[in-house]
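Following our numbering, the numbering of the sequence shown begins with 60 at its first residue and continues without gaps. Backbone N, C-alpha and C define an ideal beta-carbon position, used for all residues, glycine too. Since the structure is predicted, the reported quantities are computational estimates derived from the model, not experimental observations. Read through the structure below, which is laid out as structure tokens, and then see the notes.
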Amino acid sequence: MDGFSALSGAGGGWNRSEYGEYYASSTPVYAAIRVRADALSRPPVVVYRRAPSQPDGQQRLPVGPEHPAQQLLDRVNRWYTRADLWRATEIYLNLWGSAYWMLDRDAAGNRELWPLRPDRVSIVPDKDEYIRGFVYHGRSRMIALTPDEVVWFRYFNPLEEYAGLSPVAPSRMAVDMGKDALRFNRNFLRNSAQPDFVLLTNEYMNDAEVDDFYRRWEARYRGPANARRPAVASFVRDIKTLGLSHREMDFIQGLRWSLEEVSRAYGVPRPLLSDLERATFSNVNAAERFFWRNTMVPEMTFLAEQVTRNLFPLLGYPDLEMEFDLTSIEALAEDQNARTTRETQLLDRGVLTINEVRRSRGLPDVPWGDTWAKARG
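Spelled out as structure tokens, the structure:
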């Protein structure tokens, strides 16, 4: 049984390859994941060292660009940039609910990070250590990896502890419905010829008379010079317009519903998915702020905690932690301005000291920062 589990691993049922196919076959899924992946790749990452400062707290100091941990997250490997790594991580998480980084070394002995396709990774459980290792099913062979060589990110799955829960899973039926509707409509347009209206006559017309009618009709009414020209046909008794059927109306509503379900599952407001039917400048800005505060900031906190807890100890730096630097994100600038205003008021009223504010922002203490602002004045 141990040999069998080492070959097959656990959690494979939640890592099916067809989850990845939605990224290439569903426009709403592709759009939602692309928005999230692009957002995650925007801010730089900063590595801090936790160091004791005052008896009542801790302060964090940036390790600087020359530190090996910071260099690893900035350089990643020979082929991937920092943005490539985070974009791949977010895409994998949003398709399979799991993402894996393999920790490797190049020919010169330098550390490298490589993202692995989740549908090719199996987990080997262990009753004592929880995870014995990982198996990567490559194109030509299987590669066994130890827990010290892999960083595993996952969305909690209440149904399987050795697998992440893909956001595609709860929205899969809605996405499939949208894909089926598009496929049906495409086949309908390929195989059906439906005119906009039908002319009804009291007399029978043979093929030659019908062809002659079309020639005279097009000669009289085709072209921009004949636009809106009234039509006169003495033998026509009625005109029947062929509008949208109930099935076609259901098709349009089905596409909208599919987009709404994907929007809910991925936490991306519809205006950011180019659904601008009722969009205004105000509600688009509000949607962007909602997206960053309610979707991306929690996502970045989750990823930063995973790197802090699972990657840095493997590198031999248990005292380091990582954060995303969000100061350049325009949608969060308003929140930063409000925070600065509130801190300034608390400083002026003697509620906080300069060093207390600096510690909350991860900055080092200053010698004069423990006195009240008014006392200094």
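Given a threshold of 16 other Cβ atoms within 10 Å of its Cβ, counted over all protein chains shown, does residue i qualify as buried or as exposed?
i    : result
F212 : buried
R119 : buried
R146 : buried
G223 : buried
E77  : exposed
Q129 : buried
M359 : buried
Y81  : buried
A90  : buried
V94  : buried
T140 : exposed
R408 : exposed
E320 : buried
M355 : buried
V210 : buried
E364 : exposed
Excluding sequence positions up to five away, which residues of its chain have a Cβ less than 7 Å from the Cβ of residue i?
i    : result
L172 : L131, V135, N136, L144, W160, L162
D378 : R108, R109
L27  : There is no way to answer for residue 27, as the model of the chain reaches only from 60 to 436.
L204 : M161, G192, F193, Y195
N216 : W73, G156, A222, G223, L224
P177 : N74, Y151, W155, S157, A158, Y159
E208 : M161, L162
A346 : P328, P330, L331
Give the range of the alpha helix (DSSP H) segment to which residue i is assigned.
i    : result
W211 : Note, W211: premise wrong, no alpha helix (DSSP H); beta strand (DSSP E) at 209–213.
A345 : 340–350
R418 : 413–419
So residue i is in the beta strand (DSSP E); what residue range does that whole segment cover?
i    : result
E454 : Residue coverage of the chain in this structure runs from 60 to 436, which leaves residue 454 outside it and unanswerable.
G192 : 189–196
A286 : Here A286 belongs to no beta strand (DSSP E), and DSSP marks it neither H nor E.
V183 : 180–185
Y159 : 157–164
E77  : It is not in any beta strand (DSSP E) - E77 instead sits in the alpha helix (DSSP H) that spans 76–84.
R170 : 170–175
L204 : 201–204
Short of 8 Å in beta carbon distance, which residues of its chain neighbour residue i, apart from the five on each side in sequence? Order them along the chain.
i    : result
I388 : R101, P102, W351
R288 : R279, Y280
Y214 : L152, G156, S157, G223, L224, S225, P226
Leaving out the 5 sequence neighbours to the left and right, which residues in its chain are closer than 6 Å to residue i when beta-carbon positions are compared?
i    : result
V416 : E402
P226 : N153, A324, Y325
L411 : L405
R96  : The question names Arg, but residue 96 in the sequence shown is Ala. These residues qualify, in order along the chain: R146, E149, I150.
L99  : W145, E149
Segments of 4+ residues assigned as alpha helix (DSSP H) that fall wholly inside the region 93–154: 127–134
Segments assigned beta strand (DSSP E), at least 3 residues, entirely inside the region 353–402: 379–383
Do the region 82–98 and the region 222–240 make contact, defined as three or more Cβ pairs closer than 8 Å? yes
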